[in-house]
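Student:
Number of protein chains: 2
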Amino acid sequence: MDTSEKILRQAFAEKQSAVEAQGHAVRALKAAGAAKPEIDAAIESLNGLKLEKASIERQLQAAIGGGDGSLNRETFRQAVVNTLERRLFYIPSFKIYRGVAGLYDYGPPGCAVKSNVLAFWRQHFVLEENMLEVDCPCVTPEVVLKASGHVDKFTDLMVKDEKTGTCYRADHLLKDFCNEKLQKDLSISPEKAAELRHVLAVLDDLSSEQLGAKIKEYGITAPDTKNPLSDPYPFNLMFQTSIGPSGLSPGYMRPETAQGIFVNFKDLYYYNGNKLPFAAAQIGQAFRNEISPRQGLLRVREFTLAEIEHFVDPENKSHPKFSEVANLEFLMFPREEQMSGHSAKRIPLGEAVSRGIVNNETLGYFIGRVYLFLTRLGIDKDRLRFRQHLANEMAHYAADCWDAEIECSYGWIECVGIADRSAYDLRAHSEKSGVALVAQEKFLEPREVEKLVINPVKKELGLAFKGNQRMVVEALEAMNEKEALEMKATLESKEESPFYVCTLGKNVTIKKNMVTISKEIKKEHQRVFTPSVIEPSFGIGRIIFCLFEHSFYTRPSKAGDEQLNVFRFPPLVAPIKCTVFPLVQQQQYEEVAKVISQSLTTAGISHKIDITGTSIGKRYARTDELGVPFAITVDSASSVTIRERDSKDQVRVNVGEAALVVKEVTDGRQTWADVWSTFPHHSAGSAEADE
Amino acid sequence: MDTSEKILRQAFAEKQSAVEAQGHAVRALKAAGAAKPEIDAAIESLNGLKLEKASIERQLQAAIGGGDGSLNRETFRQAVVNTLERRLFYIPSFKIYRGVAGLYDYGPPGCAVKSNVLAFWRQHFVLEENMLEVDCPCVTPEVVLKASGHVDKFTDLMVKDEKTGTCYRADHLLKDFCNEKLQKDLSISPEKAAELRHVLAVLDDLSSEQLGAKIKEYGITAPDTKNPLSDPYPFNLMFQTSIGPSGLSPGYMRPETAQGIFVNFKDLYYYNGNKLPFAAAQIGQAFRNEISPRQGLLRVREFTLAEIEHFVDPENKSHPKFSEVANLEFLMFPREEQMSGHSAKRIPLGEAVSRGIVNNETLGYFIGRVYLFLTRLGIDKDRLRFRQHLANEMAHYAADCWDAEIECSYGWIECVGIADRSAYDLRAHSEKSGVALVAQEKFLEPREVEKLVINPVKKELGLAFKGNQRMVVEALEAMNEKEALEMKATLESKEESPFYVCTLGKNVTIKKNMVTISKEIKKEHQRVFTPSVIEPSFGIGRIIFCLFEHSFYTRPSKAGDEQLNVFRFPPLVAPIKCTVFPLVQQQQYEEVAKVISQSLTTAGISHKIDITGTSIGKRYARTDELGVPFAITVDSASSVTIRERDSKDQVRVNVGEAALVVKEVTDGRQTWADVWSTFPHHSAGSAEADE
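Protein chains in written order, with my numbering: chain F, 450 to 1140; chain W, 450 to 1140.
1. Leaving out five residues before and five after Pro557 of chain F in sequence, what residues of the same chain have Cβ atoms less than 8 Å from its Cβ?
2. Rounded to whole angstroms, what's the CA-CA distance from Ala1080 of chain W to Thr1115 of chain W? Just pull it up for me.
3. Please go through the same chain and pick out, in chain order, the residues whose beta-carbon is closer than 6 Å to the beta-carbon of Pro763 of chain W, but skip the five residues on each side of it.
4. Let me confirm a value: Lys900 of chain F is counted as buried when at least 16 other C-beta atoms fall within 10 Å, else exposed. Which label applies?
5. My understanding is that Val819 of chain F touches Gly990 of chain F, with C-beta atoms under 8 Å, so please give their C-beta distance in whole angstroms.
6. How big is the Cα-Cα spacing for Pro895 of chain W and Phe1001 of chain F?
7. Alpha carbon to alpha carbon, how far is Glu926 of chain F from Asp874 of chain F?
8. How about Cys587 of chain W and Gly733 of chain W: do their beta carbons lie closer than 9 Å?
9. What does Ile692 of chain W touch in chain F if you count any residue whose Cβ is under 9 Å from its own?
10. Looking at Phe994 of chain W and Leu746 of chain W, is the spacing between their C-beta atoms short of 9 Å?
11. Considering only residues of the same chain and omitting the five flanking positions on each side of Ala477 of chain W, which have a CB-CB separation below 6 Å?
12. Which ranges does the beta strand (DSSP E) cover as unbroken runs of at least 3 residues, wholly within the region 493-570 of chain W, from first to last along the chain?
13. To which residues does DSSP link Arg1004 of chain F through a beta bridge?
14. Straight-line CA distance for Asp831 of chain F to Val1111 of chain F?
15. Would you say Leu1021 of chain W lies against chain F (beta-carbon separation less than 9 Å)?
16. Does Pro586 of chain W get closer than 9 Å to chain F when you measure Cβ to Cβ?
17. Taking the C-alpha atoms as reference points, what is the distance between Glu984 of chain F and Phe815 of chain W?
18. Contact check, Val1102 of chain F vs Val1089 of chain F under 8 Å by CB: the rounded distance?
19. Name, going along the chain, the residues of the region 581-608 of chain F whose beta-carbon falls closer than 7 Å to a beta-carbon of chain A.
20. Step through the CB atoms of chain W and report whether any lies within less than 9 Å of the CB of Asn676 of chain F.
21. Please confirm whether Arg507 of chain F and Ser638 of chain F have their CB atoms less than 9 Å apart.
22. Entirely within the region 787-868 of chain W and at least 4 residues each: give me those alpha helix (DSSP H) ranges in chain order.
23. Going by the DSSP bridge assignment, what does Gln975 of chain F pair with across the sheet?
24. According to DSSP, is Tyr667 of chain W helix, strand or coil?
25. Going by C-alpha to C-alpha distance, which of W:Glu897, W:Arg825 and W:Ser967 sits closest to Arg1017 of chain W?
26. Who are the near neighbours of Val529 of chain F in its chain, counting only those whose CB is closer than 7 Å to its CB and skipping five residues on each side?
27. If you measure between the beta carbons of Ala1042 of chain F and Ile1058 of chain F, is that distance less than 9 Å?
28. Listed from N- to C-terminal order along the chain, which residues in the region 713-727 of chain W have their beta-carbon within a distance smaller than 8 Å of any beta-carbon of chain F?
29. Mind checking which residues open and close the alpha helix (DSSP H) that includes Pro639 of chain W?
30. Hey, does Asp1123 of chain W have any beta-carbon neighbour from chain F nearer than 9 Å?
31. Quick one: which chain W residues come within Cβ less than 7 Å of Pro557 of chain F?
32. To which residues of the same chain is Ser698 of chain W closer than 8 Å at the C-beta, ignoring the five residues directly before and after it?
33. Are Leu678 of chain F and Asp605 of chain F closer than 9 Å when you measure CB to CB?
34. Less than 9 Å separating the beta-carbons of Phe736 of chain W and Phe688 of chain W?
35. Could you check whether the Cβ of Leu821 of chain F sits closer than 9 Å to any Cβ belonging to chain W?
36. Against chain F, which members of the region 874-904 of chain W pass a CB distance test of less than 7 Å?
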């Protein structure tokens, strides 16, 4: 809570007490039958206090941002979403059956935007970086997701309405309660406000018990019915199913695409000539059975992920192409800045890596590539930041993790996660499958290496532990260097050592004759190791939603009587690149339009021809609303005009050249400025008059 | 069964009897102590008969194709599949966990082929035909698939090993039994063979009881254990799951993508300006929980479908672009030809439509477009046929249906279904959802229309049928014109009429006072109707597998000591368009290679650079096996050679031109013949010597 808010809350509480006290005083005077001037003076004083309270209230509301700001964001979002749904960019799935929460269809323009975004992703990442793209099934057997930890840990805490059985996410209810209290209840004390803010900050870390206790303490009830709620309990977010007819093979719809790559590591490493580093990539559907989906396209039950798994030697995370991105400078929000309450700031990427803010060059390289990818799509660079995970957000095995967050009407939204996951995933699948997922580095000449050698003496262990011998042997062999050296010291000093065997779940006593621990010099010809993996993971639907918001604007119609909607998509993203309009319904113009349409098809330019008699202005407005960047208007048999969406500028081009000019700008080989400086300008004459 | 086979089976059976009789005679002579010359003569005769029997056996085996032919097909398939799996075109999913039947991953080259096929599909169908592409979720609520009929009818009949519980498809077991018997048991009578062939022909029509009876009659047991089998029972092929946390909303993974389009008909029709015809399209995953998947990529549990739903006025199924495909001529296999035992024959498409073999122009147009699509991908036109469904194969509502079948080592495989599904799907969803999925045709002037009016007299019906009144009323109202006019006549002549009410499952008696049936003249301003839908549905994985087989060939290495594998993919399909090889490891060459690689990246040409010291011949062979059409070999600083995969011809091109030349041929703007006639030929000198 910043200082001004704290002071204002304090002042508001004091003023509130003063108002109450003065009100009490007025009533007392009246009851005591005091003189009218005396009563009037007291009332005047009361009114003065009320005015002061109201003034503080306004300042406080402004300080906590619960007022006009969020209202504007809601209004803006509603305008965007209305346009998107009306023009079928996306629609709730199965609408005629009243839909299913968290499932959306992309209609024609949305589907085109999505396929453009994915095609660019393939070009920008897979093709330019020579990644190995794979395509694995969504249906996944349990054993794979058991190894990855999803079966046991991919859960959210849920509470149930004790009477109706309706389910809610426990943390959402608590979060909503705290936010509502902070924004709407101005009478809470600064201490209470600080407490609520603290709850919000640690929300992700609360255990099931802690969440339950807070819900009880605050008296939170079911939002719709006000019924009491159950204690929180974990709900696994994977859609479960059964593979084959026997009912004996549980399976899940994958919650991410990454596991399909990890289990193929061995083959992919071989395909890459047994060389590191290399990256594999996958685009595909992922599924999360959200408890109560909300925020439209941002939290859905089925979505498209595009994931990269870049495998690298943990001892060498440099990247040969890092210099190509080192000079990029954009908003970064390192852990330190977040902890000390500062905001994101522009840092050159090279500096972030050299100063150790970003853990390594490869991670830095991908951060830079993600920045280029998002901004080229049309994401506003001032509303894009890379936020480092705090220690409590990161998985225990992760070396470093940055989220590309995009600001939209819902706040800052995680759209791409870029994590150095160390060797965790490959190790987990190695252990579970028994197949070694490792890489080798062959030495030019053999190296002498000091190695720890643990030799369990099986005869002695067998005598001591009988049937448990195997478990003890395995546990001894699995000790890391530190544990082994400690045991060695204990055995030498005390002849025996207590030793915890996790597969037995208890301590046993190891005697000196049961194991030899020593360091030996060995000659090694190669190093065998589990590669680290750096994983940029893209939520395509979230990126697209933010892109919609960043691209949307309105401008007055020519007559000034209404606001027209425009999406300023770059040609790369635009669902249709060009429209072809005969200015008026006339056979000659329509034939020219058809010829141009054929050239556009041949050139692979998606376009739409509109021969309705609607006014040209209306036709422009309709396609501006779809974000179509160029319109070719046929107003003669020999030449046509090409109009650019945002400037509304028009040039005049020969019929035969029109398709080519559009192709050059949509393919990015020319800019509109190039076109503008090459061709004669068409003044807002007949064609524009109508607009 | 063709005549020669019948005669041969007869002859074989007779010869078999003769051998047995003669053997018996020999034994009798020996037992009777006959003279040696007599016995020798009998033995000689026996051996003669055995030779004759062996000769007939060979002819019979050749006639039924169970001999070398299928062996060759198996060997060929094994060679293709070995190459595909070794080069990671595809691999069994989750291999390190011993895999899951019916699930496959596409590795890097397979994934690239798939994405090329899909990109071309989008260009050939969506873009060129201005289709409305949509993208709907895989998770589908039960109500949708209840309406479509999948919940009740999307089943296969299954039998269980009564001891182990292992499940099998009942029809597969019966089919395998019949085929095995026909191909391997030469002693069966021609009558028995005819019976088995009949069973194979009607296999798809057998009821659960009939299948069970045949399995019992033939004594078929579980293939692995020889245990007895259960009676057949239906198993629903959809993967079931549960949407949301309550467990109260059953859902399924969609078995096809089409339903997502049907439920959006209303919005899509509006998006298209309330005009027919229009087509919507969708590419996406579909899921079928096969009982026992086999045939590799052909029968899998998760696959990519590309589907088109072309909505059209049932009274006008002409197509404006039909003339563009009318002259195509390819293998068609109409119903009549199949019934009369003929084979597929080449028919011009225009003729097939004008003669009514193909039901309508729109269906014909799509058949033509599918032919062009498949052959441009590289499917051999002589191993592609369009087979019309027999009456018993077609859904009752379908107007006509043709499968594009491709011949591969498994036989003729359905890869694309092109069906005129009439108004079935839209009607089903209209009824279930209560939302009218209809189109309107506005008349220029109002039309007088004679309309059948059925007015049930509810009072009389209520008195007669009490609680069943509603069912009777609905059944009366649902009569078609023919039924209603028949009832009218019966009521007029006999005062009453028997009437079957399907919702009651019985006949009731309708009296004359219970309903009025009349024809009235009405003025209508528009016609409201449910559009017909013509659905081309593409199994992408099946097409790709057939493409792999049709593209594969082997040729001897230069030294002649081994057979090298080649995929003759057209550039459109090839996973990588070009490789770049420095002839020898030399810094100067490597730098040139990098410059060319950068130009190729800029031009969007997927390629691979290989700077290993491996011999150039080996490097060519490696990439021929991936189907890479062109190789640029750097053997000087100023010019390079470009080699074409199938001819192994090479031309010499300047360094700066190389990327452009490759782009022109891979984009299809030039052919290799053009390149060959433009640039100087490079004789098999240093670069080729090694090959």
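Note that CB positions come from ideal geometry on N, CA and C, so glycine has one too. All figures in this text were calculated on a predicted structure; none of them were measured in a lab.
Tutor: Looking at the atomic coordinates:
1. Leu537 and Pro1024
2. 12 Å
3. Ser981
4. Answer is exposed; the Cβ neighbour count stays below 16.
5. Contact flag wrong, Cβ pair sits at about 17 Å.
6. 44 Å
7. Computed Cα separation, rounded: 22 Å.
8. Yes, the pair counts as a contact, with Cβ atoms nearer than the cut-off.
9. Result: Val549, Ala550, Gly551, Leu552, Phe688, Asn738 and Arg750.
10. yes
11. A distance below 6 Å between beta-carbons, with the five flanking residues on each side excluded, links Ala477 of chain W to no residue of its chain.
12. 539-541 and 553-555
13. F:Leu1013
14. 30 Å
15. no
16. Yes - at least one Cβ of chain F is within 9 Å of the one on Pro586 of chain W.
17. 43 Å
18. 6 Å
19. Looking at the structure shown, chain A is missing, and the protein chains on hand are F and W.
20. Any Cβ of chain W closer than 9 Å to the Cβ of Asn676 of chain F would place that residue at the interface, and such an atom is absent.
21. no
22. 798-803 and 810-826
23. In the DSSP assignment, the residues bridged to Gln975 of chain F are F:Lys891.
24. coil
25. W:Arg825
26. Phe997, Glu998 and Phe1001
27. yes
28. Asn713, Lys715, Asp716, Leu717, Tyr720 and Gly722
29. Segment Pro639 to Val651, the alpha helix (DSSP H) holding Pro639 of chain W.
30. Asp1123 of chain W does not count as touching chain F.
31. Going along chain W in sequence order, the residues near Pro557 of chain F (Cβ under 7 Å) are Leu581, Glu582, Val583 and Tyr720.
32. Pro590, Glu591, Ser691 and Ile692
33. Not closer than 9 Å, so no.
34. Cβ atoms of Phe736 of chain W and Phe688 of chain W: closer than 9 Å.
35. In terms of beta-carbon proximity, Leu821 of chain F stays away from the interface with chain W, with every pair separated by 9 Å or more.
36. His878, Ser882 and Val884
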